[in-house]
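Chains as they are written, first to last, in the numbering used here: chain A, 1 to 221; chain B, 1001 to 1443.
Glycine is no exception: its CB is placed at the ideal position from the N, C-alpha and C atoms.
This report refers to the structure that appears directly beneath it.
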Amino acid sequence: MIKLENVNKVYRTKTIETAALKDINFSVEKGEFLSIMGPSGCGKSTLLNIIGLLDEPTNGIVNIGDTSLPKYNTRAMAQFRNKQLGFIFQSFHLIPDLSVRDNVELPLLYRNVSGKDRKMMAEQALESVGLKNRVTHFPSQLSGGQKQRVAIARAIVGNPEIILADEPTGNLDSVMGNEVMDILLRLNSENNTTIIMVTHDENMAKKTHKLMRLYDGQQVA
Amino acid sequence: MLFNYIKLAIRVLGRNKFFTAISLFGISFTLALLMLILSMIETEVGETPPLSEKNKMVLVPNLNLKRMYYDTIYVYDTTFLNKKMIVDTTFNLKDAGSGNSNNEFAHWFLEEHLSSVPNAKSHTFFNRNRVYNSYVNNSKVELKAVYTDHQFWEVFDFQFIEGVGFNEQMVSNEELVAVITDDLADQYFGRRSNVLGEIVEMDNRNFKVIGVIKPAGMMLLTMDISVPYTHDHIDLKNRDDYGFGSYMALYMGDSEDAVPLMKEDIKFINSNSEVPAEAQADYDIIEFKPYSFPETYAGQLLDMDDEVKSLQIMKWVIYSLIGFLILLPTINLINLNVSRIMERSSEIGVRKAFGADRTNILIQFIVENIVQTLLGGLLGFALAFLAIYLINDTKLMGDVVLKINFRFFFYSIVICLLFGLLSGLLPAYRMSKMHVVSALKQK
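Printed below as a string of structure tokens:
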């Protein structure tokens, strides 16, 4: 499903060259739940951004699904992300000016789904994270756990095959964190959605199928 | 999608009320000012009564008599030829200045030289320079008078409230008839209509009112009363003043295409005219130039002799004025927008992550900005209406009445959209270029 071969990422400034990722090789099969762990600054998020096609590797090959990937930063790439990938961020990144439903509708906005269908699909997604009664609320009216559940609804509304979660429980207390984790596990088991999650939390990582550890941009386990 | 953008735009405006108030104030003020300028231009230059057909008209406003002075410069040169010195003399003629007299025409001069212009369908000669005082119930009423012929009422489409203009017979019979404005009727008789047959006293004569018109509301045709030119004893038959007087000539053709033809006719007449006999001792060049209406306005406004050139200059002045008026607040708004959009970089990151491409982002922010500008435009309309109402009500611009019409609305909306597009484009472009990862990092 996802395969990375010899992926390197180097950040260059005028004076300094920093290798954020060194020779990363791994693959994830469809329906797998992989967690990536490691200390701050070890390249976890960079790796996730590369898998999510938000960032480009300096060299190496990234394969997702059977399709050969279009060039980075093109319209085709945006469409690919739109259809195949769902993102969950540590700080939720909900749009404060949009209602819960409008936030969830966002990915559908960029694939010409009619307003009526958008509304229906968004409400379905919200129902599956247990927030159906919050559709007209605004993000500022929600708790952290609720915000992250809205973000999950947004990630799954377009039925992507892969969900990429960057420390989804990082900003939540353990109760809310567990709630969010349960939803992700359920998505994985019920819908067979492939999930890659970056986390600091060993307990969360233990619940997933596979674990990858990074240290200084290198794979250590 | 568009609906979503508009919904979001309104929500964003509501979020930061202070910012919105400031930028709306700037936008509405600028737009109101532009609308006011538009209205002024429309009033003076637009094709509204009594100048609905001004695009078919040519004006010959004045007569110019000139004399050029030349200096003769002698050059002495000596050469030796066969051991004799020979003096050789050459001379050059050089411009040394000119004498110049410029004024409106005497009526007889127009009759003699400019009463037949082949390509003109109709013409009128009119004098709008006389002002008289009249007394009604012991209070002074100032009368701005126009002396003219019957064609005046054909060429200009004045709006008559009642009655008619004077006809050819009335003019030639020197009948004491007058057309007055409803403002004068109000001042003189205390009512704006039902004054036909009443008497207005001017220049020690009693004129019978035969028509009441609405004021022209523009500088060129500002007047209170109009009477047959045959009563203008100051100007008529006065032949010893070189052809100068108080009259202008106006010609109307069948269509716009006749304007250049009429101008050619008048230039041809000019080239075949001689300086009036009485003036030949002082002047040797005679000049009267035909102008289209836009050229006339430019000439009046800039007070230059060459109206064609002043039209070009005035166009540039107006364009750059409007340009600056748009540009300065635009730059300001761009600045505000950039900082405001920056706050929303995480939103842009999310949108891009979920599949928005650059065009989506660009359109979103431009739509938002246009919504904001149109809102400002609406306020601007209100401000402009208020300003125009106050200017007209207090007669701040004299007898000029500012007008609002469909074209004014159309141009105003165009200006709003242009303003919105200009001020939104740059910030939107910058944000659309932003890299997803860095957009998401900014908080």
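Three-state secondary structure (DSSP) of F87 (chain A)
strand
S1139 (chain B): first and last residue of the uninterrupted beta strand (DSSP E) it sits in:
1139–1148
Within the stretch 7–69 of chain A, note down every full alpha helix (DSSP H) run reaching 4 residues or more, in order along the chain.
44–51
Between the stretch 121–137 of chain A and chain B, which residues of the former have a C-beta closer than 8 Å to a C-beta of the latter?
none
Mapping the DSSP letters down to three states, classify E1343 (chain B) as helix, strand or coil.
coil
Considering just the uninterrupted stretch of the beta strand (DSSP E) at F1080 (chain B), what are its terminal residues?
1063–1081
Mind checking whether R1067 (chain B) and I1269 (chain B) have CB atoms under 8 Å apart?
no
What does DSSP give as the partner residues of S1292 (chain B) in its beta bridges?
B:V1058
Status (buried if at least 16 other CB within 10 Å, exposed otherwise) for I196 (chain A)
buried
Selected residue, minimal CA-CA separation from A1387 (chain B), among B:L1065, B:T1373, B:L1402:
B:L1402
With a threshold of 8 Å between beta carbons, is L1375 (chain B) in contact with chain A?
no
Spell out whether any CB of chain B is found under 8 Å from the CB atom of R186 (chain A).
no
Collapsed DSSP secondary structure at G1097 (chain B) in the structure displayed:
strand
Using beta-carbon positions only, say whether G1355 (chain B) and S1412 (chain B) come within less than 8 Å of one another.
no
T1015 (chain B): contacting residues in chain A (beta-carbon distance under 7 Å):
The displayed chain sequence assigns Arg, not Thr, to residue 1015 (chain B). Near R1015 (chain B) (Cβ distances below 7 Å), the residues of chain A are D97.
With which residues is L1378 (chain B) paired in a DSSP beta bridge?
Looking at the DSSP assignment, L1378 (chain B) forms no beta bridge with any residue, so it has no partner.
Please determine, among A:M120, A:S99, A:A76, the residue with the shortest C-alpha to C-alpha distance to L1008 (chain B).
A:S99
In terms of residue numbering, what span does the alpha helix (DSSP H) encompassing A1216 (chain B) cover?
Counting along the chain, A1216 (chain B) falls outside any alpha helix (DSSP H), and DSSP gives it neither H nor E.
Could you please give the first and the last residue of the uninterrupted alpha helix (DSSP H) stretch that includes K116 (chain A)?
115–128
Could you say if the stretch 1316–1332 of chain B and the stretch 1412–1429 of chain B meet the contact criterion of at least three C-beta pairs nearer than 8 Å?
yes
Reference M1202 (chain B), options B:G1211, B:L1036, B:Y1074, B:I1225, closest by Cα:
B:I1225
Please go through the same chain and pick out, in chain order, the residues whose beta-carbon is closer than 6 Å to the beta-carbon of P1118 (chain B), but skip the five residues on each side of it.
D1265
Nearest residue (CA-CA) to N1206 (chain B), options B:V1177, B:F1293, B:I1334:
B:V1177
Relative to chain A, which residues along the stretch 1353–1385 of chain B have a C-beta separation below 9 Å, given in chain order?
A1353, F1354, G1355, A1356, D1357, R1358, T1359, N1360
Cβ-Cβ distance between Y1291 (chain B) and L1059 (chain B) below 8 Å:
yes
Using a C-beta cutoff of 8 Å, does P107 (chain A) count as contacting chain B?
yes
Is the stretch 33–45 of chain A touching the stretch 208–221 of chain A in the sense that three or more CB pairs, one from each, lie closer than 8 Å?
yes
At a Cβ cut of 7 Å, what residues of the stretch 171–202 of chain A count as close to chain B, listed as they run along the chain?
none
Does the beta-carbon distance from F1109 (chain B) to L1063 (chain B) come in below 8 Å?
yes
Taking Cβ-Cβ distances shorter than 7 Å, what residues in chain B pair up with N49 (chain A)?
V1437
At what residues does the alpha helix (DSSP H) containing D166 (chain A) begin and finish?
Premise fails: D166 (chain A) lies in the beta strand (DSSP E), 162–166, not in any alpha helix (DSSP H).
DSSP three-state label for D1088 (chain B), please.
strand
With 8 Å as the C-beta to C-beta threshold (strictly closer), list the residues of the stretch 55–67 of chain A near chain B in chain order.
D55
Which residues DSSP lists as bridging K210 (chain A), in chain order
A:L34
For E1111 (chain B), count neighbouring C-beta atoms within 10 Å of its own C-beta (all shown protein chains included) and say buried if the count is 16 or more, exposed if not.
exposed
Count the other C-beta atoms from every protein chain shown that fall within 10 angstroms of the C-beta of K147 (chain A), then say buried if there are 16 or more, exposed otherwise.
buried
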